[in-house]
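Chemist: Protein chains in written order, with the working numbering: chain X, 19 to 435; chain H, 770 to 860.
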């Protein structure tokens, strides 16, 4: 890779006051034709382009992004990475991603600050205890690390949690995946963009798709705000806007797009060195390297593309946070934002061909797409290059909504949807 | 977050209501004769429109009645509210 980042390049550039770093990726105008075009320059789209170029030798490709790199859900999530899913298909998919995370900074020569600080999921009632224990066993059978913690062990692992038995939803125990953790979300998008660009991929920002040109059952190209681009393969990774693109192609998807919110507090000294999620009360919290508490709230129940959420959702989350962590009662919240997530009826993603030749969709990640970024890109690239799914994403096809073979992760995953 | 004008109770906060999704999806008259594709279409496939959408709402924490709403999902502006069984007003 040109312009390799290393300790030597850091020292060298310090002599010129860091003013001579090269641009991380080019800003090209679109060519007339590409071998494949990826719609959506978020983490998943850029990872798809990266693995298409790296593993499948497809280098004459473009990523078109209507905004800017890192401006969508990639920069709006709470950066949690884990693979403790219940069903075999999900376990395979998410653990594939987790294994790629473990070597990602080296692979793309960009520090994504992957931190395996562990993710703990709390149980608040007898059914939670049964479900989480069952999930722990299922995880272990699939080779995924998981342990059950008693209330005392939860308290020991994260001392600021209120484990008193007299709170509204007492902590009856929890599960812990030690290999899970967080990463720096912007760095993931920037790193993949830089890596793909270095292999010749054109990353075209401020270029919105306006139409998909079809000739019968085959795609011919895309209409964009920067003109028509001819291509035989279109990979759509448009997250909340997947249905908008699907409608352009004349197909419907089993998706509903809803605002999901997150918020961060003012920065404080290190107080919580892991990620704690609570399914029953829907509150999850971690602390960024800057010291901010990163808090994830729930989705609004209605379809909306407004990138903002309802106040009562934030209020509900903060009530739960305060009951579990009384120590945060005087913390001030600094920022709050929303992102649009595309949710499938079975809360599992779609990485699939469609009935239209050359049109592929990678969508439906709902509230938990960030953790899958490397795996999603790798498997989608495989699907586009070979026109066939990889065995790890075969279950996540569009046809499952016809056959009824759903991957039902509603509630079975470690967080309520 | 917005205000919904319930046709039975008047203006109330959205948090009193539960969303029922896309409106005017007609239940098949002969379910036994439906193919798998048609079932998938009825059960799962949605327009999920960015823009003017026809949808159902229920005043869950009020009169508990269902009704229809025409809302722009790109800015949450409500254009019209009408009762179940009524023809949607032109906007």
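A virtual CB, placed ideally from N, CA and C, is assigned to each residue, including glycine. All of these numbers come straight from a predicted model, not from anything done at the bench.
#1: Closer than 8 Å, CB to CB, is residue 94 of chain X near chain H or not?
#2: What are the residues of the stretch 824-851 of chain H that lie near chain X, defined by any Cβ-Cβ distance shorter than 9 Å?
#3: So what does DSSP say about residue 417 of chain X, is it helix, strand or coil?
#4: On a Cα-Cα basis, can you pick out the residue from X/78, X/186, X/415, X/276 that is closest to residue 817 of chain H?
#5: Enumerate in chain order the residues of its own chain whose CB-to-CB distance from residue 396 of chain X is below 6 Å, with the five nearest sequence positions on each side excluded.
#6: Does residue 83 of chain X pass the burial test, meaning 16 or more other C-beta atoms within 10 Å, or should it be called exposed?
#7: Under 9 Å between beta-carbons, which chain X residues line up against residue 799 of chain H? List them in chain order, please.
#8: Quick one: any contact between the stretch 419-430 of chain X and the stretch 359-372 of chain X, if contact means 3 or more CB pairs under 8 Å?
#9: What are the complete beta strand (DSSP E) segments, minimum 3 residues, inside the stretch 119-205 of chain X?
#10: Answer with yes or no whether the minimum CB distance from residue 435 of chain X to chain H is below 8 Å.
#11: What residues in the stretch 57-81 of chain X have a beta carbon less than 7 Å from any beta carbon of chain H?
#12: When you compare only the Cα positions, how much space is there between residue 197 of chain X and residue 126 of chain X?
#13: Taking the alpha-carbon of residue 134 of chain X as reference, which of X/158, X/163, X/128 has the nearest alpha-carbon?
#14: Could you check the C-alpha separation between residue 250 of chain X and residue 35 of chain X for me, to the nearest Å?
#15: Does the beta-carbon of residue 155 of chain X have 16 or more other beta-carbons within 10 angstroms, so that it is buried, or is it exposed?
#16: Note down, in chain order, every chain X residue with its Cβ under 7 Å from the Cβ of residue 815 of chain H.
#17: Does residue 262 of chain X come within less than 8 Å of chain H when only Cβ atoms are used?
#18: Residue 303 of chain X: buried (16+ other C-beta within 10 angstroms of its C-beta) or exposed?
#19: 8 Å is my cut-off, CB to CB: does residue 428 of chain X come that close to chain H?
#20: Is the stretch 168-181 of chain X close to the stretch 340-353 of chain X, with three or more CB pairs under 8 Å?
#21: Using the Cα positions of residue 845 of chain H and residue 822 of chain H, report the straight-line distance between them to the nearest angstrom.
#22: Taking CB distances under 8 Å as the criterion, tell me whether residue 856 of chain H reaches chain X.
#23: Along the stretch 319-330 of chain X, what residues have a CB closer than 9 Å to any CB found in chain H?
#24: Tell me whether residue 435 of chain X sits in a helix, a strand or coil according to DSSP, three-state version.
#25: Between residue 770 of chain H and chain X, is any beta-carbon pair separated by less than 8 Å?
#26: Beta-carbon within less than 7 Å of residue 151 of chain X's beta-carbon, same chain only, minus the 5 sequence neighbours each way: which residues are those?
Modeler: If we stick to the structure as given:
#1: no
#2: 824, 826, 840, 842, 843, 844, 845
#3: Residue state, collapsed to three classes: coil.
#4: X/276
#5: 69
#6: buried
#7: Correct list: empty, because the minimum Cβ distance to chain X is about 19 Å.
#8: yes
#9: Taking only runs of at least 3 residues, the beta strand (DSSP E) segments lying wholly in the stretch 119-205 of chain X are 137-141, 165-167, 191-195.
#10: Note that residue 435 of chain X scores a pLDDT of 49, beneath 50, so its modelled location is shaky; the value from the coordinates is reported in the next line. No, residue 435 of chain X does not count as interfacial toward chain H.
#11: none
#12: Near 20 Å, if we compare the C-alpha coordinates of residue 126 of chain X and residue 197 of chain X.
#13: X/163
#14: 46 Å
#15: exposed
#16: 270, 272, 273, 274
#17: yes
#18: buried
#19: no
#20: yes
#21: 10 Å
#22: no
#23: 319, 320, 321, 322, 323, 324, 326, 327, 328, 329, 330
#24: For residue 435 of chain X, the predicted structure reports a pLDDT of 49, less than 50, and the residue's modelled location is therefore unreliable. The matter cannot be settled from this model.
#25: yes
#26: 166
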